[in-house]
Amino acid sequence: MLNIVVLVSGGGTNLQALLDAEDAGEIRGGRIVRVISSSPGAYALERAACHGVPGTVIDRKAFASAADFDAELLTELNRCEADLVVLAGFLCILGEEIVHAYANRILNVHPSLIPAFCGKGFYGLRVHRAALDYGVKVTGATVHFVNEIPDGGAIILQKAVPIQPQDTPETLQLRVMRQAEWELLPKAVSLFCEGKIHLEGNKAVIDAE
Numbered sequence: 000m001l002n003i004v005v006l007v008s009g010g011g012t013n014l015q016a017l018l019d020a021e022d023a024g025e026i027r028g029g030r031i032v033r034v035i036s037s038s039p040g041a042y043a044l045e046r047a048a049c050h051g052v053p054g055t056v057i058d059r060k061a062f063a064s065a066a067d068f069d070a071e072l073l074t075e076l077n078r079c080e081a082d083l084v085v086l087a088g089f090l091c092i093l094g095e096e097i098v099h100a101y102a103n104r105i106l107n108v109h110p111s112l113i114p115a116f117c118g119k120g121f122y123g124l125r126v127h128r129a130a131l132d133y134g135v136k137v138t139g140a141t142v143h144f145v146n147e148i149p150d151g152g153a154i155i156l157q158k159a160v161p162i163q164p165q166d167t168p169e170t171l172q173l174r175v176m177r178q179a180e181w182e183l184l185p186k187a188v189s190l191f192c193e194g195k196i197h198l199e200g201n202k203a204v205i206d207a208e
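For the sequence shown, numbering that gives the first Met the number 0 gives the first residue as 0, with consecutive numbering after it.
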């Protein structure tokens with residue numbers, strides 16, 4: 000049984016999807032052992048507590064540098080004996096030391112069809128506002144491995160979501176979460192824990208049943 004550590008910064012809707020999937024037996028081969036928040040006021044910590052999952056705060060604002068924050072986070076991940084790290088609305092970009100220490104063991108969900116509307120500066124409502132401003136007809140979500148490049152790791156799963164003429168960034172964000180993010184993230188986590196994802200070069204391949 001793999002140890003899953005989830006990193007959060009805010010409300011924790013994607014964390015909730017993972018917790019619900021675990022309760023329903025949909026995450027096979029792994030269990031969520033810790034939730035780590037970069038913000039002390041994150042509602043995600045309450046969600047974790049309601050499911051009996053311990054929460055830890057490593058407040059980004061309490062550290063003088065990103066390197067110091069990363070060092071503390073890496074220490075905590077090692078203390079948890081994390082086998083898989085999941086970014087679920089985590090607003091800090093992980094440094095190279097963490098990425099290397101947990102190479103091919105960090106997953107992120109991004110609210111667009113990568114390579115569209117991704118990379119540094121594209122997070123939250125900014126992603127959906129950019130999609131609407133550009134006029135695309137379809138957006139979606141992507142679960143990918145994390146590497147040194149923001150949103151640049153190998154793609155594991157994607158799902159398209161249509162854009163409606165009356166959409167605002169807020170309505171689009173909610174539809175993408177409901178129709179894509181909350182489905183893809185638990186599925187990808189389960190596939191990883193079951194050992195069904197492997198890398199061929201820079202591509203993630205899902206093994207056939």
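For glycine and all other residues, C-beta sits at the position ideal for the given N, C-alpha and C.
Since the model is a prediction, treat every value here as computed from it, not as a measurement.
Distance between residue j and residue i (C-alpha atoms, nearest Å)
i      : j      : result
Glu96  : Leu90  : 17 angstroms
Ile154 : Lys195 : 14 angstroms
Leu131 : Arg78  : 42 angstroms
Met0   : Gly29  : 5 angstroms
Glu80  : Val52  : 15 angstroms
Glu180 : Pro110 : 7 angstroms
Val98  : Ala65  : 14 angstroms
Val137 : Glu182 : 17 angstroms
Lys158 : Leu173 : 15 angstroms
Val160 : Asp166 : 12 angstroms
Leu17  : Arg46  : 11 angstroms
Neighbourhood of residue i by C-beta distance below 8 angstroms, restricted to the same chain and skipping five residues each side
i      : result
Ile57  : Ile35, Ser36, Ser37, Phe68, Glu71, Leu72 and Glu75
Ala203 : His143, Phe144, Ala153, Ile154, Ile155, Ile196 and His197
Pro39  : Val56 and Asp58
Val135 : Ala115 and Ile162
Integer Cβ distance of residue i from residue j, believed to fall under 8 angstroms
i      : j      : result
Val142 : Ile3   : With a Cβ gap of about 14 angstroms, Val142 and Ile3 do not count as contacting.
Ala41  : Val7   : 6 angstroms
Phe191 : Leu83  : 6 angstroms
Gly120 : Asn13  : The Cβ separation is near 20 angstroms, so there is no contact.
Val126 : Phe116 : 5 angstroms
Gly10  : Ala43  : 6 angstroms
Nonlocal neighbours in the same chain, by C-beta distance under 6 angstroms from residue i, ignoring five residues either side
i      : result
Gly152 : His143, Phe144, Val145 and Asn146
His50  : Leu18
Endpoints, alpha helix (DSSP H) assigned at residue i
i      : result
Val186 : It should be noted that the sequence gives Lys, not Val, for residue 186. Note, Lys186: alpha helix (DSSP H), Trp181 to Cys192.
Ile155 : No alpha helix (DSSP H) holds Ile155; the beta strand (DSSP E) holding it covers Ile154 to Pro161.
Glu45  : Ala43 to Cys49
Beta bridge counterpart(s) of residue i as assigned by DSSP
i      : result
Ser36  : Val7 and Val56
Pro114 : In DSSP, Pro114 forms no bridge with anything.
Arg30  : Asn2
The beta strand (DSSP E) enclosing residue i, as first and last residue numbers
i      : result
Phe144 : Val137 to Phe144
Ile105 : Ile105 to His109
His99  : First-last for His99: Glu95 to Ala100, but that is the alpha helix (DSSP H), not the beta strand (DSSP E).
Ala203 : Lys202 to Ile205
Leu86  : Leu83 to Leu86
Close Cβ partners of residue i (< 7 angstroms) along its chain, the five nearest in sequence each way excluded
i      : result
Ile113 : Thr141, His143, Asp150 and Ile154
Glu25  : Pro185 and Ser189
Val32  : Asn2, Ile3, Val4 and Cys79
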